[in-house]
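Novice: In the order they appear, the protein sequences are chains H and C.
Residue numbering for the first sequence follows this note's numbering, starting at 58 and increasing by one per position.
Residue numbering for the second sequence follows this note's numbering, starting at 1415 and increasing by one per position.
Quick one: the structure is below, questions incoming.
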Amino acid sequence: MTGRTPRASTGRSDARVFSRVVRWGLLIAVAGQVGFWLFGAATSAAITDEERHGQQLYETNCMTCHGVQGEGTEDGPSLEGSGPAAVDFMLSSGRMPLNQPQQQPVRQEPAFTRTEMDAMIAYVALLQPGGPEIPTVDASAGSVSLGQQLWLSTCSSCHGAAAVGDSVGGGQIAPSLEDLTDVQIAEAIRVGPGLMPPFSEETYTPHEVDSIVRYVDFLRDSDDPGGFGLGRIGPVTEGLAAFVVGLGIILLVIRLTGTKE
Amino acid sequence: MKLVRKGVEEIDDRVGGASFLKRSLGKVFPDHWAFMLGEVALYSFVLLVLTGVFLTFFYEPSTREVTYDGPYPPLQGEQMSAAYESVMRISYEVRAGLVMRQIHHWSALVFVAAILVHMLRVFFTGAFRKPRDINWTVGFTLLLLGMGAGFTGYSLPDDLLSGTGIRIGYSALLSIPVIGEWAAFLFFGGEYPAPAFLRRFYALHIMIIPGLLIGAMTVHLMLVWRQKHTEFDGPGRSEHTVTGTRLWPNYGMKALGLMFVVFGTLSLLGGLFQVNPIWLYGPFVPYSASSPAQPDWYMGWIEGLVRLAPNWTEFSVFGYLVAEPFIPAVVLPGIFITIVALWPVLERRFTGDHEMHNLLQRPRDAPIRTALGVAGVTIMAVLTLAGSNDVLAKFLQIEVDTLNEVFKWLLLLAPPAAGYLTYRICRELRDRDEHPIRRPRRVRVRWNAEGGFDDVEDDAPPGAGSPGTRPEERV
């Protein structure tokens, strides 16, 4: 405890310290503005053809909701920190663009070609840098056993044990994973679209993501050993089949053998 | 032939019973198709026992940890209970194991369904009235036992889906005030998932409940034997006789045929339709949950009650906590079960009808009962749908919360509406002149002496069964 200097000895009052801080603060702010303007001008000068293509597409398809700089508007969220994985996931699964703002994005035929999507990914990266990159996936390097464990402990409570999807409340649906590509599955894990939480590399290593992808592929490729799978939905469709097919056939036979007065 | 006769005589000399057998073989069964529903339940049960015995050869009721080394890739090297592993082995390694398991499960689903449909027939035709009121309660006990057998069986594979189901059952038991904890510990042998619970459920599933089922079934059938069948009213019918086909040989052959139809249908389901794919659900681990999570259909209404229950069902009385599942999962099902079990008594109190009844009513003959029955079935249907609200929400593209609101309103409005509509329809049908059973009266027109026309009614319908042309027995 050395510095209990009496205030009077330096001759500075609180008011003077305050005005100094304000003055320095203003100076830094102005410098920042100038620097940002210079930097911004420099980048817009260096824009590539691909980014320019992306800019055109962005301005016609995305800007009204996500804003000029991807800062977001009332109709759509900011793209800050979304990253190439999110843009690729949303565009390649046809979730974006929406027909109307506030609509729940659902899987559709993608509206753009691969080149167009790449251009938009590049341009959004320019507007709002950062966020997860498009992951590289190698399903064959994953472990199907680890994948099942991770799937059942983390994913199945929303997407269902058989990855056929289920509703999760609040009007949201955890969709079926029937039509996703391996990359899209990995992107969804990293990005966390909708209500789904994102899983960073600290939570799930690339090997673990590979494993989940491998298990989902296994689910999709494997036959149902017990016969017709009834949508793999479980007791709901099983009960229906018991009544319709089982009791149905039996009642029909009974009706044909018995009399009716 | 002579040898057979000789053998039979030798046995009859010592044991007797030939006259009983003769009388029994001549027993008369009605031919109406609706009377065969109970038999469907019986034959499903026979198949359940046969396939169940097969499964006991391979199933291991133990939570002992083992490592899976079977052919299903995703589970290889994983830790799991011996119970789950043994069901995986039945499904993938035991010859015909999977088809046996599936026939067993489908039979269970159809068994309870057949009991329910049989019971609805008995209810809507008034077959439960005195003297068969006791048998109504015995039959309903069979339904409850069937549900218990189903629930314990559904739990045995120790997979993630059934684990979620048992956890609900455990919470429901635990929520009973004062005795809840003891009740839960009695069934589970400790805090769930206790190592003892599989052994207890196994004992219940393969010994205790089937034993009670066989006992109650015997009483049920003996009472039918003693009291004989009911019969719809019609020409040549009376309160004191039953007409139809003799047990031997005609009805016996028909019943045998029906048994094979039931066996065949259930085998078809078992062979062609997958049921309870536990390899997809994975072994039970306490920190995971599966979705969509539903019980088998006969428990769906209780699931629906739990899902629709508002959150104010938890409160304290004299310092005892009445936990949230108590009212939806224990009290309300308890009330419903009591009403159904005591229905013949309740109905007698309200109608004052203490007569013996051997002739059936058609649903329209008792509009109030029919209306109440339809209202009850509607309640059950709404609750069962509510129990699968997540699956419905996904398929109908409606929010779960919206769907829940809809179900709450439906639960209030649909049963009275359905009941009232049924009542009106019954009255309308009853008041119509034409009676399909008795056939329309033939009306002849005769020219009378005054030159006008007279209607001459011919009460005996054409070709109406003259008593004596069909086998008949006194009731």
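We put the CB at the ideal spot given by N, CA and C, even for glycine.
Only a predicted model underlies this, so the values are computations on that prediction, with no experimental measurement involved.
Confirm, please, whether the CB-CB distance from residue 1807 (chain C) to residue 268 (chain H) is below 8 Å.
Specialist: Stepping through the first sequence from its first residue, residue 268 (chain H) is reached at position 211. Stepping through the second sequence from its first residue, residue 1807 (chain C) is reached at position 393. Not a contact, by the Cβ cut-off of 8 Å.
Novice: Which stretch, first to last residue, makes up the beta strand (DSSP E) that contains residue 164 (chain H)?
Specialist: Start at 1 with the first residue of the first sequence, and residue 164 (chain H) comes out as number 107. Taken as a continuous stretch (DSSP letters only), residue 164 (chain H) belongs to no beta strand (DSSP E), as it is neither H nor E.
Novice: Determine whether the beta carbon atoms of residue 1785 (chain C) and residue 1836 (chain C) lie at a separation below 8 Å.
Specialist: Walking along the second sequence from the start, residue 1785 (chain C) turns up at place 371. Walking along the second sequence from the start, residue 1836 (chain C) turns up at place 422. Yes. Within cutoff.
Novice: What did DSSP end up calling residue 1734 (chain C) once you bin it into helix, strand or coil?
Specialist: Here the question's residue 1734 (chain C) lines up with position 320 in the second sequence. Three-state DSSP puts residue 1734 (chain C) in a strand.
Novice: Answer yes if the stretch 1730-1740 of chain C comes into contact with the stretch 1766-1785 of chain C, meaning at least three C-beta pairs across the two stretches below 8 Å, and no otherwise.
Specialist: No, the stretch 1766-1785 of chain C is not in contact with the stretch 1730-1740 of chain C.
Novice: From this set, H:157, H:129, H:164, H:265, which residue's C-alpha is nearest residue 222 (chain H)'s C-alpha?
Specialist: As a working note, residue 222 (chain H) is residue 165 in the first sequence. Checking every option, the nearest Cα to that of residue 222 (chain H) belongs to H:164.
Novice: Quick one: which residues of the stretch 1487-1505 of chain C get their C-beta closer than 8 Å to a C-beta of chain H? List them in chain order.
Specialist: Of all residues in the stretch 1487-1505 of chain C, 1487, 1488, 1489, 1490, 1491, 1492, 1505 have a Cβ within less than 8 Å of some Cβ in chain H.
Novice: Between the beta-carbon of residue 1688 (chain C) and the beta-carbon of residue 1802 (chain C), is there less than 8 Å?
Specialist: On the second sequence, position 274 is the one that residue 1688 (chain C) refers to. On the second sequence, position 388 is the one that residue 1802 (chain C) refers to. No, these two residues do not count as a Cβ contact at 8 Å.
Novice: Does chain C have any CB closer than 8 Å to the CB of residue 152 (chain H)?
Specialist: Position 95 of the first sequence holds residue 152 (chain H). For residue 152 (chain H), the answer is no, since every Cβ of chain C falls outside 8 Å of its Cβ.
Novice: For residue 1861 (chain C), which beta-bridge partners are listed by DSSP?
Specialist: As a first step, residue 1861 (chain C) must be located in the second sequence, where it is residue number 447. Its beta-bridge partners are C:1867.
Novice: So if DSSP puts residue 1729 (chain C) in a beta bridge, which residue, or which two residues, is it bridged to?
Specialist: Here residue 1729 (chain C) corresponds to residue number 315 of the second sequence, with the count starting at 1. According to DSSP, residue 1729 (chain C) bridges with C:1736.
Novice: At the 8 Å Cβ level, is residue 256 (chain H) part of the contact set with chain B, yes or no?
Specialist: Included in the structure are the protein chains H and C, with no chain B among them.
Novice: Bridge partners of residue 1645 (chain C), per DSSP?
Specialist: For the purposes of this step, residue 1645 (chain C) is taken as the residue at position 231 of the second sequence. Its beta-bridge partners are C:1773.
Novice: Would you mind sorting residue 1783 (chain C) into buried or exposed? The rule is 16 or more other CB atoms within 10 Å of its CB.
Specialist: Position 369 of the second sequence, counted from the first residue, corresponds to residue 1783 (chain C). Label assigned to residue 1783 (chain C): buried.
Novice: Using a Cβ-Cβ distance under 8 Å, would residue 261 (chain H) count as near chain C?
Specialist: For this step, residue 261 (chain H) is matched to residue 204 along the first sequence. For residue 261 (chain H), the answer is no, since every Cβ of chain C falls outside 8 Å of its Cβ.
Novice: Per DSSP, which residues does residue 1751 (chain C) bridge with? Please list them.
Specialist: Taking the first residue of the second sequence as position 1, residue 1751 (chain C) is located at position 337. DSSP output for residue 1751 (chain C) lists no bridge partner at all.
Novice: Return helix, strand or coil for residue 1763 (chain C), following the three-state DSSP convention.
Specialist: Here residue 1763 (chain C) refers to the residue found at position 349 when the second sequence is read from its first residue. Helix at residue 1763 (chain C).
Novice: Return the residue from the list C:1421, C:1432, C:1454, C:1607 that minimises the CA-CA distance to residue 312 (chain H).
Specialist: The count along the first sequence starts at 1 and reaches residue 312 (chain H) at position 255. Of the listed residues, the one whose Cα sits closest to residue 312 (chain H) is C:1454.
Novice: Below 7 Å on C-beta distance, what does residue 1829 (chain C) contact in chain H?
Specialist: Residue mapping note: residue 1829 (chain C) aligns to position 415 of the second sequence, counting from 1. Under the 7 Å cutoff, chain H gives no residues; its nearest Cβ is about 21 Å from residue 1829 (chain C).
Novice: Report yes if the CB atom of residue 1832 (chain C) is closer than 8 Å to the CB atom of residue 1798 (chain C), and no otherwise.
Specialist: The residue labelled residue 1832 (chain C) in the question sits at position 418 within the second sequence. The residue labelled residue 1798 (chain C) in the question sits at position 384 within the second sequence. Not closer than 8 Å, so no.
Novice: Report the rounded CA-to-CA distance for residue 173 (chain H) versus residue 111 (chain H), giving the unit in angstroms.
Specialist: Numbered from 1 along the first sequence, position 116 holds the residue referred to as residue 173 (chain H). Numbered from 1 along the first sequence, position 54 holds the residue referred to as residue 111 (chain H). Taking the straight line from one Cα to the other gives about 7 Å.
Novice: Answer with yes or no whether the minimum CB distance from residue 1708 (chain C) to chain H is below 8 Å.
Specialist: Along the second sequence, read from residue 1 onward, the residue named residue 1708 (chain C) stands at position 294. So, interface residue.
Novice: Within 8 Å of any Cβ in chain H, is that where the Cβ of residue 1524 (chain C) sits?
Specialist: Position 110 of the second sequence holds residue 1524 (chain C). With 8 Å as the cut-off, residue 1524 (chain C) counts as an interface residue toward chain H.
Novice: Measuring CA to CA, which of H:260, H:83, H:297, H:185 is closest to residue 211 (chain H)?
Specialist: Taking the first residue of the first sequence as 1, we reach residue 211 (chain H) at position 154. Residue 211 (chain H) has its Cα closest to that of H:260, out of H:260, H:83, H:297, H:185.
Novice: What ranges does the alpha helix (DSSP H) occupy inside the stretch 1788-1827 of chain C, keeping only unbroken runs of at least 4 residues that lie completely in it?
Specialist: Those alpha helix (DSSP H) runs which fall completely within the stretch 1788-1827 of chain C and span 4+ residues are 1803-1810.
Novice: If you draw a straight line from the C-alpha of residue 1420 (chain C) to the C-alpha of residue 1435 (chain C), how long is it?
Specialist: Locating residue 1420 (chain C) in the second sequence gives position 6, counting from the first residue. Locating residue 1435 (chain C) in the second sequence gives position 21, counting from the first residue. Distance between the alpha carbons of residue 1420 (chain C) and residue 1435 (chain C) is about 17 Å.
Novice: Check whether the stretch 1670-1677 of chain C and the stretch 1533-1553 of chain C are in contact - that is, three or more C-beta pairs closer than 8 Å.
Specialist: Flag = no, the stretch 1670-1677 of chain C and the stretch 1533-1553 of chain C do not touch.
Novice: Kindly list the residues whose CB is nearer than 6 Å to the CB of residue 1589 (chain C), restricted to its own chain and excluding five residues on each side of it in sequence; keep chain order.
Specialist: Here the question's residue 1589 (chain C) lines up with position 175 in the second sequence. So the qualifying residues of the chain are 1737, 1739, 1740.
Novice: Spatial neighbours of residue 1465 (chain C) within its chain, please: C-beta separation below 7 Å, excluding the five flanking residues on both sides.
Specialist: Taking the second sequence and counting its residues from 1, one reaches residue 1465 (chain C) at position 51. Cβ neighbours of residue 1465 (chain C) beyond the five flanking positions: 1514, 1517, 1518, 1521.
Novice: One question on the structure: do residue 1446 (chain C) and residue 305 (chain H) come within less than 8 Å of each other, judged by their Cβ atoms?
Specialist: Along the second sequence, read from residue 1 onward, the residue named residue 1446 (chain C) stands at position 32. Along the first sequence, read from residue 1 onward, the residue named residue 305 (chain H) stands at position 248. Their beta carbons are not under 8 Å apart, which means residue 1446 (chain C) does not touch residue 305 (chain H) by this criterion.
Novice: Do residue 1698 (chain C) and residue 1815 (chain C) have their C-beta atoms within less than 8 Å of each other?
Specialist: Looking up residue 1698 (chain C) in the second sequence gives position 284. Looking up residue 1815 (chain C) in the second sequence gives position 401. No. Outside cutoff.
Novice: Does DSSP put residue 1518 (chain C) in a helix, a strand or coil?
Specialist: For this step, residue 1518 (chain C) is matched to residue 104 along the second sequence. DSSP places residue 1518 (chain C) in helix when its eight states are reduced to three.
Novice: Do you know offhand how far residue 1416 (chain C)'s Cα is from residue 1424 (chain C)'s?
Specialist: Sequence index remark: in the second sequence, residue 1416 (chain C) carries index 2 (1-based). Sequence index remark: in the second sequence, residue 1424 (chain C) carries index 10 (1-based). Computed Cα separation, rounded: 12 Å.
Novice: Assess contact between the stretch 1653-1664 of chain C and the stretch 1528-1545 of chain C, defined as three or more Cβ pairs (one per stretch) separated by less than 8 Å. Is contact present?
Specialist: No, the stretch 1653-1664 of chain C is not in contact with the stretch 1528-1545 of chain C.
Novice: Suppose contacts are defined by Cβ-Cβ distances below 8 Å. Is residue 1794 (chain C) in contact with residue 1715 (chain C) by that definition?
Specialist: As a first step, residue 1794 (chain C) is located in the second sequence; it is residue number 380 there, counting from the start. As a first step, residue 1715 (chain C) is located in the second sequence; it is residue number 301 there, counting from the start. Yes.
Novice: Under the DSSP definition of a beta bridge, which residues are partnered with residue 1659 (chain C)?
Specialist: As a position in the second sequence, residue 1659 (chain C) is number 245, starting the count at 1. Residue 1659 (chain C) is bridged to C:1443.
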